[in-house]
Amino acid sequence: MLHLRITVPAEQATDIHQRLSRTPGVAHLAHLPGASTHPPGDLLLCDIAREAADAVVEWLQDELVHHRGAITIGSVGTVVSEAAARAEAAAPGHGSDALVWEELEAAARDDAYLTPSLLVLMGVAAAIAGVGILLDSPILVVGAMVVGPEYGPLSSLCVSAARRRWSNVGAALRTLGVAVLIGIAATYLLTLLLRVTTIAPDAYDISDRQLTAFISHPDALAAVVAALAGVAGMLSLTEARTGTLVGVLVSVTTIPAVANIGLAAAYTEADEVRGATLQLLVNVAGLTLAGIATLAIQSRLTARRR
-15 MLHLRITVPA
-5 EQATDIHQRL
5 SRTPGVAHLA
15 HLPGASTHPP
25 GDLLLCDIAR
35 EAADAVVEWL
45 QDELVHHRGA
55 ITIGSVGTVV
65 SEAAARAEAA
75 APGHGSDALV
85 WEELEAAARD
95 DAYLTPSLLV
105 LMGVAAAIAG
115 VGILLDSPIL
125 VVGAMVVGPE
135 YGPLSSLCVS
145 AARRRWSNVG
155 AALRTLGVAV
165 LIGIAATYLL
175 TLLLRVTTIA
185 PDAYDISDRQ
195 LTAFISHPDA
205 LAAVVAALAG
215 VAGMLSLTEA
225 RTGTLVGVLV
235 SVTTIPAVAN
245 IGLAAAYTEA
255 DEVRGATLQL
265 LVNVAGLTLA
275 GIATLAIQSR
285 LTARRR
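Numbering (the working numbering), first residue to last: -15 to 290.
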């Protein structure tokens, strides 16, 4: 279940309280008159089944509660209550696959921010992947894929596009673009350093990379895997399945492709740069389009249950 904390003007409080009391999925409803001092008003508290939350938040926004007060959504760990059990049984649908758009959009706004830690992680992940490609080590490449933070802005892009929040779409694209450039630059500079110190081989020979050569040679299956990962990624976010998200991260070759671009550029291998760039574009496009489509389908299914 989720916990709603609603700050509302006193003149609206009674009507909203009565409507909440009649809403399937609501439990433990409390009305505290005059409890809010800034902004002035009443405080309404309740627990609500996750599958009923989005509709309630939507009509609260239609009443302009968020303009004159506030709507706070919080997670509830464990609830031991027969009233809560009855509320969950009365709510349409199932909580594990319910969409709460405000929750998703808040996460999307956070993931769209360009932060120093994101750039550092992107550079580190790409550098690890670059070493993995040089050594033809799938283990290092997979490790880099888990470290990579690029799915944050990608998921933000999907949610923002699905909700037509174009300013957030632009922010997510900028963050993703800068992160990719940082990853390429980090791998490029590391490769130059390794070549100068004779740690890296003098020549870039793809025949020595039997296990990682696919990174710069995308095919139709790469697009299929990216699309499937996009579906799984959105489901993992909407259902908070972190284990699934890890599987998504190691299914797509965004970080390895970024690393391969920088690595091949350091060896002035134009064909490899083009191949890795195509791989990157295929993966980003597959993840994004499939993610947007998944959210659209989930939204329609949720709307039908109401």
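All C-beta atoms in this analysis are idealised placements derived from N, C-alpha and C, irrespective of residue type, glycine included.
Check, Outcome
"Beta-carbon within less than 7 Å of Val336's beta-carbon, same chain only, minus the 5 sequence neighbours each way: which residues are those?", "Here the chain covers residues -15 to 290 and nothing more, so residue 336 does not appear."
"Using the C-alpha atoms, what's the distance from Val236 back to Gly132?", "11 Å"
"Less than 8 Å between the CB atoms is what I'm expecting for Gly136 and Asp95, so what's the real figure, rounded?", "4 Å"
"Strictly by DSSP, which residues pair up with Ile352?", "In the structure displayed, the chain extends from -15 to 290; residue 352 sits before or after that span and is not available."
"Looking at the secondary structure, which residues open and close the alpha helix (DSSP H) in which Ile55 lies?", "It is not in any alpha helix (DSSP H) - Ile55 instead sits in the beta strand (DSSP E) that spans 54 to 59."
"Between Ala163 and Gly214, which are expected to be in contact by the criterion C-beta below 8 Å, what is the C-beta distance as a whole number of angstroms?", "In fact, because the Cβ distance is near 18 Å, the residues do not count as touching under 8 Å."
"Quick one: is Ala90 buried, meaning 16 or more other Cβ sit within 10 Å of its Cβ, or exposed?", "exposed"
"Which full runs of the alpha helix (DSSP H) of 4+ residues lie inside the region 121 to 204, going along the chain?", "122 to 131, 135 to 146, 150 to 180"
"Residue range of the alpha helix (DSSP H) that Thr21 falls in?", "No alpha helix (DSSP H) holds Thr21; the beta strand (DSSP E) holding it covers 10 to 21."
"Tell me which residue opens and which closes the beta strand (DSSP E) that Pro240 is part of.", "Premise fails: Pro240 lies in the alpha helix (DSSP H), 238 to 250, not in any beta strand (DSSP E)."
"Quick check on Ile183: buried or exposed, where buried means 16 or more other Cβ atoms within 10 Å of its Cβ?", "exposed"
"Under 8 Å by Cβ, that's how I've got Asp26 and Leu16 pegged, so tell me the actual separation to the nearest angstrom.", "6 Å"
"Taking the continuous alpha helix (DSSP H) assigned at Thr(-2), which residues delimit it?", "-6 to 6"
"Give me the Cβ distance between Ser351 and Ala260, rounded to the nearest whole Å; I'm assuming they're in contact under 8 Å.", "Lying outside -15 to 290, the shown extent of the chain, residue 351 is not represented and no answer is given."
"Thinking just about the alpha-carbon of each residue, which of Thr171, Leu48, Ile239, Ala69 is nearest to the one in Ala210?", "Ile239"
"What are the residues that DSSP puts in a beta bridge with Ile(-10)?", "Leu28, Ile55"
"Taking only three categories from DSSP, how would you classify Ser65?", "coil"
"Per the contact definition of three or more C-beta pairs closer than 8 Å, is the region 18 to 35 in contact with the region 71 to 85?", "yes"
"Indicate whether Asp46 and Met(-15) have their beta-carbon atoms separated by less than 8 Å.", "no"
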